Amino acid sequence: MLDGRGKTRRRAGARLWLSAGWLVLALGAALLAPWIAPHDPLAQDLFAGRMPPIWVQGADPLYWLGTDSLGRDVLSRILHGGRVAFAVALVAGVATAALGALLGLLAGFYRGWVDVLISRFIDIWMAFPPVLFSILLIAVMGPGLTSIIIAIVVIDWTRFARVVRAEAMGQGAMDYVASAQVAGRGRFSTMIVEILPNVLPTIVVLLTLEMGIAVIVEAILSFVNLSISTDSPTWGSMIAEGRTSIHQAWWVLVFPLIALFLTVLSFSQLGEGLKDRFDPVLR
Amino acid sequence: MLQRTLMRLATTLVTLFGVAVIVFVVIRVVPGDPIAMMLPPMATPEDIQRLKALYGLDKSIAEQFFIWLGGVLHGDFGTSITMRQPVLGLVLGRLPATLELSVMALVIAVIWGGALALAGTRWRGSKAEAAIDVGNGMALSVPDFLWGLVLILFFGVLWPVFHISGRVSPSLELPFTTNFYLFESVLRLRFDLWADIVSHMFMPALALAFPLAAIIAQLLKQSLKETMHLDYVTLSRTKGYGENHVITREALPNAILPTLTLVGVQFTFLIGGTVIIERLFSYEGLGNMAIDAVINRDLPLIQGIVILFAVIFTGVNLIVDLLYTVLNPRLRHA
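Structure, rendered in structure tokens:
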């Protein structure tokens, strides 16, 4: 069994490093976008519309990854689009984790009517198709970065609440919790000081996965044109444009798709890798 | 058993009521006025008032809710603001397209995921199993929306063998009386139409099936491998049965139950995925209509569609739950 475990660990290690590597690279590029992007992402050059990437015949050497139908530079738009993607991932991810974990802890540790109430909400939430729910919320709140983040938090808190609730229930039955109570610690303080640290690894794993989901949700919303205003470049809106001109200019779809694909894949692989790391059986 | 069923039914109804309340309240705090969008810019305040009264939007939210709920219980979901037709008819007209797509995706996922699980068990510990694991990991990490885009790129553009938009070629004459095109084309023995419809549905169905197939493969393989260590499996092996027989005839029937429950829950996620996948492939189903309804602020239509989705979701969960009770002897006699 020992060598099998070693093999799993090594594979998990490579996976962790590769995905973390891409995320650091993409995050760095997004942060530095205003300085490293070769063009203004919004600048149109109608004489250079639908220029292919640099290695294809007929390309303009000024535009490395080509241009879209309005002559905007694809590379610069991807770099700037990354800013939106990572902003949503970080803010929405952390906010969702905080709300979901808190409700999950309350339901799992306090039990009783708190649990009944929260669990009922989770059931109702599970009956909504998530994509439709998010589109609905955006339509209600109006497009914009804040709306997207709120929509993600409102929809996805159940992902955290369900898992954390189950874990908190398990932890709550353990001796150390009882002894903390005997030692005179208050109920809420026990929950935060004793239980939370023990469910934190789970929360971190879910948070990493949630960031990938947030990136996708933002892309989907900008794909259906409900994200931030149309003049801000996002991967989803680039993909939407690329989808309509796919037969004339494949590069408008392909490059933002690669960026999105690798980012989502990396968040997910990072989460899975961390899960293995935290798993005491594998450790 | 009966009591359990009734309890489940009751909680399902409570959930649906909750969904109805939330949708109703959420879309009525919309800042944009749907009525203003229907009228020409020079409409007078009296015109607006008349139209509001026509759609019942001049009453309080609670009043509106109970009027609407009363209608729903009589099968009246209101009238679509943009299409000026009863919501129920519109929604039921699109439902078959979405159901056919979801079921096709489910069938693909079960066949493919099942085959991968069996192959992974048959060649467990080998490179083939490792390859299946890596493939599953990839398929699970990336959602249907992205798989759809990848499929569009490969099979719509690079190697255009399948259609990537619409439900059926617009040039074809359709003799159908129902909206179950796929089903009816088989009944009418119109295999030319059937081929065209499948060629349109295959890409979106595959995109929806990818993640589910991976989940099925992963879980079924795990339970199969656990079952393969049990004594009765070893016994059948000592009786001289071949590996293939042992896996499919002896281990599979016992290993399949956890997967079955999971497939039920995951099927609802798959149905939820149709919303964006239909949009991506311009497939004329419920999801595509839902997005249009949201963009046009068509309140009655949005409500109808969300409620229908919720009914499908909770319905599938209910069926799976009951099926599980029937299939699991330990629960059956409880």
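Those protein sequence lines, which keep their order, are chains A and B. With positions in the first sequence counted from 1, the corresponding number in our numbering is that position plus 1. With positions in the second sequence counted from 1, the corresponding number in our numbering is that position plus 367. Ideal Cβ positions, reconstructed from N, Cα and C, are used throughout, including at glycine. Please read these numbers as outputs of a predicted model, since none were measured by experiment.
Classification of S427(B) by the beta-carbon crowding that lies within 10 angstroms, buried from 16 upward: exposed
DSSP beta-bridge partners of T68(A): D74(A)
Secondary structure of T544(B), DSSP reduced to three states: coil
Outcome for Q249(A) when other beta-carbon atoms lying within 10 angstroms are tallied against a minimum of 16: exposed
Proximity test, Cβ basis, 8 angstroms: S300(A) and chain B: Missing from the structure shown is residue 300(A); chain A here goes from 2 to 284 and no further.
Minimum Cβ-Cβ distance from L516(B) to chain A less than 8 angstroms: yes
Beta-bridge pairing of T446(B) - partner residues as DSSP gives them: P453(B)
Under the three-state DSSP convention, the category T411(B) falls into: coil
8 angstroms Cβ cutoff, V661(B) in contact with chain A: yes
Chain A contact residues for T465(B), given Cβ-Cβ distances below 7 angstroms: Near T465(B) there are no residues of chain A at all, since even the closest Cβ is about 11 angstroms away, more than 7 angstroms.
Members of the region 169-193 of chain A that neighbour chain B once the beta carbon cut-off is set at 7 angstroms: Cβ contacts with chain B: none found.
Residues within the region 242-271 of chain A neighbouring chain B, beta-carbon criterion of under 8 angstroms: R244, I247, H248, W251, L254, V255, L258, L261, F262, V265, L266, S269 and Q270
F129(A) at chain B interface by Cβ criterion, 8 angstroms: Closer than 8 angstroms: yes.
Closer than 8 angstroms to chain B by CB, V132(A): yes
Chain B contact residues for V164(A), given Cβ-Cβ distances below 9 angstroms: Near V164(A) there are no residues of chain B at all, since even the closest Cβ is about 15 angstroms away, more than 9 angstroms.
Distance between A162(A) and L376(B) (C-alpha atoms, nearest Å): 24 angstroms
Cβ neighbours of L586(B) in the same chain (closer than 7 angstroms, five flanking residues each side left out): P625, T626 and L629
V141(A) at chain B interface by Cβ criterion, 8 angstroms: yes
Cα-Cα separation, G109(A) to S180(A): 18 angstroms
Three-state secondary structure (DSSP) of G171(A): Judged by DSSP in its simplified three-state form, G171(A) adopts helix.
Opening and closing residue of the alpha helix (DSSP H) in which G272(A) lies: W251 to F279
Outcome for G609(B) when other beta-carbon atoms lying within 10 angstroms are tallied against a minimum of 16: exposed
Cβ-Cβ distance between V393(B) and L100(A) below 8 angstroms: no
Status (buried if at least 16 other CB within 10 Å, exposed otherwise) for A701(B): Because A701(B) sits at a pLDDT of 48, beneath the cut-off of 50, its placement in the model cannot be relied upon, and the following sentence gives the value as read from the coordinates. A701(B) is exposed by the Cβ-count criterion.
contact_flag[the region 589-600 of chain B, the region 673-682 of chain B] where n(CB pairs < 8 angstroms) is 3 or more: Flag = no, the region 589-600 of chain B and the region 673-682 of chain B do not touch.
Secondary structure of W236(A), DSSP reduced to three states: helix
Supposed contact pair V673(B) and L133(A) - C-beta distance, whole angstroms, cut 8 angstroms: 6 angstroms
Distance CB(G237(A))-CB(L222(A)) smaller than 8 angstroms: yes
Span separating the alpha-carbon of M2(A) from that of D277(A): With a pLDDT of 41 at M2(A), under the threshold of 50, the modelled position of this residue cannot be trusted, and the question is left open.
Cβ of L3(A) within 8 angstroms of any chain B Cβ: Here L3(A) scores only 45 on pLDDT, less than 50, and its place in the model should not be relied on; the value that follows carries that caveat. Taking Cβ atoms only, chain B never reaches closer than 8 angstroms to L3(A), which makes this a no.
Straight-line Cα distance separating V553(B) from W561(B): 7 angstroms
Contacts around T382(B), its chain only, beta-carbon distance under 8 angstroms, and the 5 residues preceding and following it disregarded: A677 and T681
Collapsed DSSP secondary structure at Q416(B) in the structure displayed: helix
Same chain, Cβ closer than 6 angstroms to A580(B), neighbours up to 5 away in sequence not counted: Around A580(B): A476, W479 and G480.
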